[in-house]
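Here is the structure we will look at.
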Amino acid sequence: MRDFEQPGRSLVMSKDGMAATSHPASTLAAVKILEAGGNAMDAAIAACAAQCVVEPGSTGIGGDCFALYSRGGGDDIIAFNGSGWAPQAASVPVLRSMGVASIERHSPHAVTVPGAVEAWATLARDHGSMPFKSLFAPAIKLASEGYAVAPRAAADWANQVALLRLDKTSREQMLIDGASPAAGTLHRQPLLAKSLMAIAEAGPRVFYEGFIAEDMVECLTSRAACTRWTTSRSIAANTCSPSRRASVATRCMSVRRTGRASSRC
Numbered sequence: 001m002r003d004f005e006q007p008g009r010s011l012v013m014s015k016d017g018m019a020a021t022s023h024p025a026s027t028l029a030a031v032k033i034l035e036a037g038g039n040a041m042d043a044a045i046a047a048c049a050a051q052c053v054v055e056p057g058s059t060g061i062g063g064d065c066f067a068l069y070s071r072g073g074g075d076d077i078i079a080f081n082g083s084g085w086a087p088q089a090a091s092v093p094v095l096r097s098m099g100v101a102s103i104e105r106h107s108p109h110a111v112t113v114p115g116a117v118e119a120w121a122t123l124a125r126d127h128g129s130m131p132f133k134s135l136f137a138p139a140i141k142l143a144s145e146g147y148a149v150a151p152r153a154a155a156d157w158a159n160q161v162a163l164l165r166l167d168k169t170s171r172e173q174m175l176i177d178g179a180s181p182a183a184g185t186l187h188r189q190p191l192l193a194k195s196l197m198a199i200a201e202a203g204p205r206v207f208y209e210g211f212i213a214e215d216m217v218e219c220l221t222s223r224a225a226c227t228r229w230t231t232s233r234s235i236a237a238n239t240c241s242p243s244r245r246a247s248v249a250t251r252c253m254s255v256r257r258t259g260r261a262s263s264r265c
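Take the sequence shown: its letter number 134 is residue 134 in this note's numbering, and every next letter is one higher.
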């Protein structure tokens, strides 16, 4: 039992549910979804979307998604792998022909097809209880109306200033007069709000085949000297062999890309 005469944290209890993230705004987004009648999966997806806004240094719609969850309060723990593949055009022979001997961390060749958005849609479809569109409402509001930059986010931001300055759009959207926003700064992301609204309205297809995908392809193409770099692919969730890593995951699900590539270098 905790000694209440000493500094420390008290045990948190709730009869209806709870949420915990690394940012108060994301936690609040999850709580609002629970209060609106959503289940744990709905709340988790809403929190992830909010994280893309308030902690851009660690979370983004251009990333991947991994989840551990139980269905219906059961004891079975399911591992979900929503990570993306490398673009189909990025084969070893093609990269070697371009003089690429290794994949540098910040190289355009290091960019994989983002799996997060499709993973959210798959998890919401299979295990959520609310319309996919409604899960993005908190994140859209944060991106369009603004949010206070948290101290940890500000510190991570400051560490990436030199990198952000290299790209025109990054400078315009993620820096203020060439500097990272300080803790407590009101920060808005109108372009991200536009993308989130499009995904909420049209679903994940707009991210992988619509204007968002086209913008990503144009950006990567300009840096990779390829005529076309990434591709539209059909994406579906599927199960694979059971996994018992550390006796935690009893089932593994992955996001698989299928279909013929429409791009080439």
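Don't be surprised by glycine CBs; every beta carbon is placed ideally from N, CA and C.
Just so it is clear, the structure is predicted and the values come from calculations on it, not from any experiment.
Mind reading off the beta-carbon distance from residue i to residue j? Whole number of angstroms is fine, and I expect it under 8 Å.
i, j, result
"A182", "A154", "6 Å"
"Q160", "G57", "6 Å"
"A143", "R188", "7 Å"
"F207", "A200", "At roughly 11 Å, the Cβ-Cβ gap does not stay under 8 Å, so F207 and A200 are not in contact."
"V149", "T185", "5 Å"
"A19", "L34", "7 Å"
"H106", "R71", "Incorrect: roughly 39 Å between the Cβ atoms, too far for contact."
Which class does residue i belong to by DSSP, given the choice of helix, strand or coil?
i, result
"G82", "strand"
"H23", "coil"
"F66", "strand"
"L175", "coil"
"H187", "strand"
"A148", "strand"
"D126", "helix"
"S222", "helix"
"C240", "With a pLDDT of 44 at C240, under the threshold of 50, the modelled position of this residue cannot be trusted; read the value that follows with caution. Correct three-state label for C240: strand."
"A50", "helix"
"A116", "helix"
"V12", "coil"
"A182", "coil"
"R165", "coil"
"F132", "helix"
"M18", "coil"
"S102", "coil"
"V94", "helix"
"S170", "helix"
"T227", "Reliability fails at T227, whose pLDDT of 42 lies under 50, so the model's placement of it is uncertain and the value that follows must be treated cautiously. The answer is coil: DSSP assigns T227 none of H, G, I, E or B."
"S107", "coil"
"G72", "helix"
"R2", "coil"
"S58", "coil"
Excluding the 5 residues flanking residue i on each side, which residues of the same chain have their C-beta closer than 6 Å to its C-beta?
i, result
"S97", "none"
"A36", "none"
"C52", "T59, G60, I61"
"R2", "G8"
Skipping 5 residues on each side, what residues in its chain have a beta carbon closer than 8 Å to that of residue i?
i, result
"K32", "A46, P138"
"T27", "A19, A20, T21, A47"
"G203", "A121, F132"
"D16", "L34"
Taking 7 Å as the cut-off, decide whether the C-beta atoms of residue i and residue j are in contact.
i, j, result
"G38", "S129", "yes"
"T112", "G84", "yes"
"A110", "C65", "no"
"L220", "P93", "no"
"I140", "A193", "yes"
"S180", "W157", "yes"
Identify, in the order they occur along the chain, each residue of the same chain with its Cβ nearer than 7 Å to the Cβ of residue i, setting aside the five sequence neighbours on each side.
i, result
"A25", "A50, V54, L142, Y147"
"L164", "S170, R171, M174, L175"
"F136", "A49, L196, I199, A200"
"A43", "A19, A30, I33, L34"
"L95", "H109"
Check whether the Cβ of residue i sits closer than 6 Å to any heavy atom of the ligand GTP, and report yes or no.
i, result
"F132", "Ligands are entirely absent from the displayed structure, and the ligand GTP is therefore not among its contents."
Please confirm if residue i has its CB atom under 7 Å from at least one CB of chain D.
i, result
"S83", "The question asks about chain D, but that chain is absent: this structure has only one protein chain."
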